[in-house]
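Structure record follows, encoded as structure tokens.
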Amino acid sequence: LILHLPVIVFVTGNANKLREVKKILCADVSSENSLKIEVESKALDLPEVQGSTQDVAREKSKAAAKLIGGPCITEDTALCFKAMDGLPGPYIKWFLEKLGLDGLNKMLQGFASTEATALCTFAYCEPGKEPILFEGATEGNIVPARGLANFGWDPIFEVTGTGMTYAEMSAEQKNSLSHRSKALDKLRNHFSN
28 LILHLPVIVF VTGNANKLRE VKKILCADVS SENSLKIEVE SKALDLPEVQ GSTQDVAREK
88 SKAAAKLIGG PCITEDTALC FKAMDGLPGP YIKWFLEKLG LDGLNKMLQG FASTEATALC
148 TFAYCEPGKE PILFEGATEG NIVPARGLAN FGWDPIFEVT GTGMTYAEMS AEQKNSLSHR
208 SKALDKLRNH FSN
């Protein structure tokens, strides 16, 4: 039995994120009692609060659900360097824009650790209700860029135990172990129950 949810609006203007989310949530599901979630996107200009990924996702989803007048999901992503107590964290987008991949790498010069955590927080919200958060994390290391540089910091994040950066992986490989897929698995499980 495959269950279908109504369409969920994913609030993003990022085509790469939308593609990944659709591949993960709209994938053919083969197990019994699986849930297939249809996703469409809507780009909204939302105020982005400063804070943790949880704070950002929570506030964005509340504002988006109110504007849309229906249920939606929002996402916030962080890349947390162990040597820097979690920085750049949720500010990774701005660090990447200003420093580039090479600059992010250079931030860790002089530190003993290149360990990092990729963190993703999705928030599901209906108008007038409190958001429900779904988080996923993947451990790795920051390395010199390898692979195609077409999706954020993927070329410098090498997943622990794989010897590969996200950018060197096929979409299927990445989607089987990424921080985003782990968060979306939790979202899917929530709606399956």
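Quick note: the sequence shown uses my numbering, first residue 28, plus one each step. The beta carbon of each residue, even a glycine, is placed where N, CA and C say it ideally should be. What you are looking at is a predicted structure, and each value in this text was computed from that prediction instead of being measured.
- Task: Report yes or no: do three or more beta-carbon pairs, one from the stretch 74–83 and one from the stretch 99–112, lie closer than 8 Å?
- Result: Between the stretch 74–83 and the stretch 99–112 there are three or more C-beta pairs closer than 8 Å, enough to call the two in contact.
- Message: Give me, in chain order, the residues of the same chain whose beta-carbon lies closer than 7 Å to that of Leu45; leave out the 5 immediate sequence neighbours on both sides.
- Response: Within its own chain, the residues whose Cβ lies closer than 7 Å to the Cβ of Leu45, once the five positions on either side in sequence are excluded, are Phe37, Thr39, Ser68, listed in chain order.
- Quick one, which of Pro158, Glu75, Cys53 has its alpha-carbon nearest Ala92's? Nearest to Ala92 by C-alpha distance, out of Pro158, Glu75, Cys53, is Pro158.
- Message: Going by the DSSP bridge assignment, what does Val102 pair with across the sheet?
- Response: Note on identity: in this sequence residue 102 is Glu, with Val being the wrong assignment. Phe149.
- Backbone CA spacing between Phe122 and Ile169 [nearest angstrom]: Approximately 14 Å between the Cα atoms of the pair.
- Query: Are the CB atoms of Cys152 and Lys89 nearer to each other than 8 Å?
  - Reply: Yes, the Cβ-Cβ distance between Cys152 and Lys89 is below 8 Å.
- Query: With a CB to CB cut of under 8 Å and the five nearest residues on each side skipped, what residues in its chain are close to Ser197?
  - Reply: In its own chain, leaving out the 5 sequence neighbours on each side, no residue places its CB closer than 8 Å to the CB of Ser197.
- Query: Can you name the start and end residues of the beta strand (DSSP E) that Ile169 belongs to?
  - Reply: Note, Ile169: beta strand (DSSP E), 159–169.
- Cα-Cα, which of Ser203, Ile100, Leu94 is closest to Glu65? Selected option, being the one with the closest Cα: Ile100.
- Message: Using a 10 Å radius around the Cβ and a threshold of 16 neighbouring Cβ atoms, would you call Thr187 buried or exposed?
- Response: So Thr187 counts as exposed.
- Task: Starting from Thr144, follow its DSSP beta bridges and name the residues at the other end.
- Result: The partner list for Thr144 (beta bridge, DSSP) reads Cys107, Glu166.
- Which whole-angstrom value describes the C-beta separation of Ile51 and Ser208, a residue pair presumed to lie in contact below a C-beta threshold of 8 Å? Rounded, the Cβ-Cβ distance is 5 Å, consistent with contact.
- Query: So which of Tyr118, Asp112, Glu162 has the shortest CA-CA distance to Trp180?
  - Reply: Closest option to Trp180, Cα to Cα, is Tyr118.
- Paired residues, beta bridge with Gly116 - DSSP: In the DSSP output, where bridge partners are listed per residue, Gly116 has Leu106.
- Out of Asn216, Ser205, Asn177, Phe184, point me to the one whose CA is closest to Ala42's CA. Here the closest residue by C-alpha is Asn177.
- Could you round the C-beta distance between Phe149 and Leu73 to whole angstroms and report it? I think they count as a contact, below 8 Å. That belief does not hold up - the Cβ atoms of Phe149 and Leu73 are roughly 15 Å apart, past 8 Å.
- Task: Starting from Phe218, trace the alpha helix (DSSP H) both ways and give me its first and last residue.
- Result: The continuous alpha helix (DSSP H) containing Phe218 extends over residues 206–219.
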